[in-house]
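Visitor: One line per chain: the protein sequences are R and Y, in this order. Position 184 (the first sequence) corresponds to 540 in the working numbering; numbering is contiguous. Position 110 (the second sequence) corresponds to 91 in the working numbering; numbering is contiguous. The C-beta atom is built at its ideal place from N, Cα and C for all residues, glycine as well. Keep in mind that this is a model prediction, so the values were computed, not measured.
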Amino acid sequence: MNSDTTNIVDIRNLSRHFGNKAALRDVTLQIPRGKVFGVVGENGAGKTTLIKHILGLLKAKQGSVSVFGMDPAQQPRRVLSRIGYLSEQPDYPEWMTVTQFTTYMAAFYETWDRRYAAELLDMMNVDPAKKIGELSKGQQARVGLCVAQAHRPELLLLDEPSSGLDPVARNEILSAVIRTVSNEGRSVLLSSHLLDEVERVSDHLVFFGAGNLLLSEPMEAVLSKHHQISVRHAGQLAWQKVPGAFNAIHANGEWQVFGYGEMDASIHGLRGLGAEILEQRLLSLNEAFIARSQSRLPFSEAA
Amino acid sequence: MNLHLAQHSGVPPYLQIVTQIKQLIAAGRLDVDQELLPIRALAEKLLVNPNTVARAYRELEAAGWIYTRRGAGSFVAAGTTPLSTEKSRSQIRERVTSLLAEAEHMNVSTKDLINLIREIDTERTEGK
């Protein structure tokens, strides 16, 4: 059975160009069962292109994409029936009522659970008698969350689901993520700019930049390895020599050195350069992301 | 079990859960043998990954604060309270000592520091 495959998603050496622009470059990524994968990166970094390949909306030209052991572009129905999907701007028929819409969507999924769908709408305070066009953006997103979950998908794909939503709606999205992964063997891929939220719910972090998969690591490792060390040093500081250091800012007589790896090793390296250590601390995902984005250096970890 | 996760505290969420459950036990707000919320339920309540809660429970169990019965859930262990109160007091003492030293270094008087603590505490209670 396909459902026995350990990895729900198996992407190998996937590249994609749009005209001259590389949207994805040689990306290899596996998503195992029972995990939340957080995908971050600036706009145009390749997140949505990746998701479109998983959904089979784009066919792999270079490299391969396998979802539940199948090629989503070849067997879209069989793959999509096991995926729940919510995008930033869902395109729903505005003239339908919520009930009409969920009934319509139910026809696409063998595993659709009517009672669960009704429960979800009720829990999120959506009036099923209202027309979709009459609903606020937040309410429409809730309808989207309902149809993304009601067939109890094995993979929930959320592409910037929280953009422009109020905090309550955002929390409901996080609840959906946690509810999905709490059910054995189900996984979530969450692409988001809201790094606090990604940090909270993800088991694993995937960081894209200009089509490259820059980092793919357990969240715990990401949070325990990104660090900032404040040092004092007269004159130039050859921080590039410190293993794992990827960025440094010089201001007000202090250097802020950002690194990835063992913090003690970085401290040792900086002392070796004659720097006086003033402060050291671990970075949040948000801080790590900003420090990374400002860095020109490729990702590498202290050995 | 009323836990509250601070977003930008710099303290990892699992550690916040550990500390707050310890505090609830120490304060007697969780009784001996009382069942903790199941991992999934607490994860959904706090909106964190279930593995984060599982990790917190594992640490609490390893430290003897709770015990787990297979298939039945996690419960508050007996006999941790008095010792742990003493232990947490000594931990707090350590931190206050270093805070006072730092304040002195920055020319902040103890009186100002106490006022600041009161102010922050009020903000916190009002924010809840």
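#1: Check the Cβ-Cβ distances between Leu41(Y) and every residue of chain R, and say whether any is below 8 Å.
#2: Using DSSP bridges, identify the partner residues of Met426(R).
#3: I'd like the list of long-range same chain contacts for Asn568(R), defined as Cβ closer than 6 Å, with 5 residues on each side in sequence excluded.
#4: Note down, in chain order, each residue of its chain lying with its Cβ closer than 7 Å to the Cβ of Ile387(R), except the 5 sequence neighbours on either side.
#5: How far does the beta strand (DSSP E) with Tyr48(Y) in it extend, from its first residue to its last?
#6: Pro574(R) lies in the beta strand (DSSP E); which residues open and close that run?
#7: What residue range does the alpha helix (DSSP H) around Lys408(R) cover?
#8: Leu28(Y) touches chain R at which residues, Cβ-Cβ below 9 Å?
#9: Got a sec, what are the start and stop residues for the beta strand (DSSP E) Glu553(R) sits in?
#10: If distances are taken between C-alpha atoms only, which option among Lys493(R), Ile633(R), Val499(R) comes closest to Ala473(R)?
#11: Glu516(R) and Ser547(R) - do their beta-carbons sit closer together than 8 Å?
#12: Quick one: list the residues of chain R neighbouring Gln(-12)(Y), beta-carbon separation under 8 Å, in chain order.
#13: In the DSSP output, which residue or residues are listed as bridge partners for Gln431(R)?
#14: Roughly how many whole angstroms lie between the Cα atoms of Ser585(R) and Ala644(R)?
#15: Going straight from the alpha carbon of Ala525(R) to that of Lys417(R), what length do you get?
#16: Under the three-state reduction of DSSP, which class applies to Gly615(R): helix, strand or coil?
#17: Do Gln495(R) and Val503(R) have their beta-carbon atoms positioned less than 8 Å apart in this structure?
#18: Would you mind listing the beta strand (DSSP E) stretches within the segment 433 to 496 of chain R that are 3+ residues and don't spill past its ends, in chain order?
#19: By a C-beta neighbour count over all protein chains shown, 10 Å radius and 16 as the cutoff for buried, is Thr384(R) buried or exposed?
#20: Listed from N- to C-terminal order along the chain, which residues in the segment 374 to 392 of chain R have their beta-carbon within a distance smaller than 8 Å of any beta-carbon of chain Y?
#21: Buried or exposed: where does Ala8(Y) fall if 16 or more other Cβ atoms within 10 Å of its Cβ makes it buried?
#22: When you check each C-beta in the segment 80 to 92 of chain Y against every C-beta of chain R, which residues fall closer than 8 Å?
#23: Compare the C-beta of Ser359(R) with all C-beta atoms of chain Y and state if any pair is closer than 8 Å.
#24: Contact defined as beta carbons within less than 8 Å: I believe Gly54(Y) pairs with Pro19(Y). What is the distance between those atoms, to the nearest angstrom?
#25: Could you compute how far the alpha carbon of Trp451(R) sits from the alpha carbon of Lys487(R)?
#26: From which residue to which residue does the beta strand (DSSP E) around Ala378(R) run?
#27: Determine, using beta carbons only, whether Arg556(R) and Pro(-6)(Y) come nearer to each other than 8 Å.
#28: I want to see whether chain R comes within less than 8 Å of Arg21(Y), judged by CB atoms only; does it?
#29: So, under 8 Å CB-CB, Ala660(R) and Ser622(R) are touching, yes? Tell me the CB distance rounded to an integer number of Å.
#30: Comparing C-alpha positions only, which one of His606(R), Glu632(R), Ala590(R), His373(R) sits nearest to Gly400(R)?
#31: Grab me the residues of Gly489(R)'s own chain with a C-beta within less than 7 Å of its C-beta, minus the 5 sequence neighbours each way, in chain order.
#32: Can you tell me whether Thr405(R) is buried or exposed? The criterion is at least 16 other CB atoms within 10 Å of its CB, across all chains shown.
#33: In angstroms with no decimal places, state the Cα-to-Cα distance between Ile73(Y) and Ser79(Y).
#34: Have a look at Gln(-3)(Y) and Trp46(Y) and give me their C-alpha separation to the nearest angstrom.
#35: Taking the beta carbon of Ile101(Y) as the centre, do at least 16 other beta carbons fall within 10 Å, making it buried, or is it exposed?
#36: Considering only residues of the same chain and omitting the five flanking positions on each side of Val562(R), which have a CB-CB separation below 8 Å?
Guide: Reading it off the structure:
#1: As a first step, residue 41(Y) must be located in the second sequence, where it is residue number 60. So, not an interface residue.
#2: Position 70 of the first sequence, counted from the first residue, corresponds to residue 426(R). Val423(R), per the DSSP bridge assignment.
#3: In the first sequence, residue 568(R) corresponds to position 212, counting from 1. Here the set comprises Arg381.
#4: Here residue 387(R) is taken as the residue at index 31 of the first sequence, counted from 1. Hits under 7 Å: Asn363, Ile364, Val365, Phe393, Ser543, Leu545.
#5: Here residue 48(Y) refers to the residue found at position 67 when the second sequence is read from its first residue. Annotation for Tyr48(Y): the continuous beta strand (DSSP E) segment containing it runs 47 to 50.
#6: Working through the first sequence from its first residue, we reach residue 574(R) at position 218. It spans 568 to 574 - the beta strand (DSSP E) in which Pro574(R) sits, taken as one unbroken run.
#7: Taking the first sequence and counting its residues from 1, one reaches residue 408(R) at position 52. Note, Lys408(R): alpha helix (DSSP H), 403 to 411.
#8: The residue you call residue 28(Y) lines up with position 47 of the second sequence. Within 9 Å Cβ-Cβ: Asn527, Leu530, Ser531, Val533, Ile534, Glu553, Arg556, Val557.
#9: As a first step, residue 553(R) is located in the first sequence; it is residue number 197 there, counting from the start. Premise fails: Glu553(R) lies in the alpha helix (DSSP H), 551 to 557, not in any beta strand (DSSP E).
#10: On the first sequence, residue 473(R) is found 117 positions in, with the first residue counted as 1. Nearest C-alpha to Ala473(R) among Lys493(R), Ile633(R), Val499(R): Val499(R).
#11: Here residue 547(R) is taken as the residue at index 191 of the first sequence, counted from 1. Here residue 516(R) is taken as the residue at index 160 of the first sequence, counted from 1. In this structure, Glu516(R) lies closer than 8 Å to Ser547(R) by Cβ.
#12: Translated into positions along the second sequence, residue -12(Y) becomes position 7. Listed along chain R, the residues sitting closer than 8 Å to Gln(-12)(Y) by beta-carbon distance are Asp552.
#13: The residue given as residue 431(R) occupies position 75 in the first sequence. BP columns for Gln431(R) are empty, so no partner.
#14: The residue labelled residue 585(R) in the question sits at position 229 within the first sequence. The residue labelled residue 644(R) in the question sits at position 288 within the first sequence. As written in the sequence, residue 585(R) is Ile, which differs from the Ser given in the question. Roughly 13 Å separates the two Cα atoms.
#15: Taking the first sequence and counting its residues from 1, one reaches residue 525(R) at position 169. Taking the first sequence and counting its residues from 1, one reaches residue 417(R) at position 61. Computed Cα separation, rounded: 37 Å.
#16: Residue mapping note: residue 615(R) aligns to position 259 of the first sequence, counting from 1. In this structure, Gly615(R) counts as strand in the three-state DSSP scheme.
#17: Counting from 1 along the first sequence, the entry for residue 503(R) is found at position 147. Counting from 1 along the first sequence, the entry for residue 495(R) is found at position 139. No, these two residues do not count as a Cβ contact at 8 Å.
#18: Positions of the beta strand (DSSP E) runs, each at least 3 residues long and wholly inside the segment 433 to 496 of chain R, are given as 439 to 442 in order along the chain.
#19: Taking the first residue of the first sequence as 1, we reach residue 384(R) at position 28. Taking every protein chain shown into account, the CB of Thr384(R) has fewer than 16 other CB atoms within 10 angstroms, so this residue is exposed.
#20: Within the segment 374 to 392 of chain R, Val392 place their CB atoms closer than 8 Å to a CB of chain Y, listed in sequence order.
#21: Mapped onto the second sequence, residue 8(Y) falls at position 27. Flag for Ala8(Y) reads exposed.
#22: Identification of residues in the segment 80 to 92 of chain Y having a C-beta nearer than 8 Å to some C-beta of chain R yields an empty set.
#23: Within the first sequence, the letter at position 3 stands for residue 359(R). No answer about Ser359(R) holds up, because its pLDDT of 46 lies below 50 and its placement is not dependable.
#24: For the purposes of this step, residue 54(Y) is taken as residue 73 along the second sequence, with counting starting at 1. For the purposes of this step, residue 19(Y) is taken as residue 38 along the second sequence, with counting starting at 1. Indeed they touch by this definition, with Cβ atoms about 6 Å apart.
#25: Taking the first residue of the first sequence as 1, we reach residue 451(R) at position 95. Taking the first residue of the first sequence as 1, we reach residue 487(R) at position 131. Distance between the alpha carbons of Trp451(R) and Lys487(R): 6 Å.
#26: In the first sequence, counting from the first residue as 1, residue 378(R) sits at position 22. Unbroken beta strand (DSSP E) run through Ala378(R): 377 to 388.
#27: Walking along the first sequence from the start, residue 556(R) turns up at place 200. Walking along the second sequence from the start, residue -6(Y) turns up at place 13. Yes, the pair counts as a contact, with Cβ atoms nearer than the cut-off.
#28: What you label residue 21(Y) is simply residue 40 of the second sequence in a count that begins at 1. At least one C-beta of chain R is nearer than 8 Å to the C-beta of Arg21(Y).
#29: There is no way to answer for residue 660(R), as the model of chain R reaches only from 357 to 659.
#30: The sequence position of residue 400(R) within the first sequence is 44, counting from 1. If we check each option's Cα against that of Gly400(R), His373(R) comes out closest.
#31: Reading the first sequence from its first residue, position 133 is the one you call residue 489(R). In chain order, Glu450, Trp451 place their CB closer than 7 Å to the CB of Gly489(R), counting only its own chain and leaving out the 5 sequence neighbours on each side.
#32: The residue labelled residue 405(R) in the question sits at position 49 within the first sequence. Buried, since its Cβ has 16 or more Cβ neighbours within 10 Å.
#33: Position 92 of the second sequence holds residue 73(Y). Position 98 of the second sequence holds residue 79(Y). Their Cα atoms are separated by approximately 10 Å.
#34: For the purposes of this step, residue -3(Y) is taken as residue 16 along the second sequence, with counting starting at 1. For the purposes of this step, residue 46(Y) is taken as residue 65 along the second sequence, with counting starting at 1. Between the alpha carbons of Gln(-3)(Y) and Trp46(Y) lies a gap of roughly 15 Å.
#35: Residue mapping note: residue 101(Y) aligns to position 120 of the second sequence, counting from 1. With fewer than 16 other Cβ atoms within 10 Å, it is exposed.
#36: Here residue 562(R) refers to the residue found at position 206 when the first sequence is read from its first residue. Leu385, Phe393, Gly394, Val395, Val396, Leu569, Leu571, Ser572.
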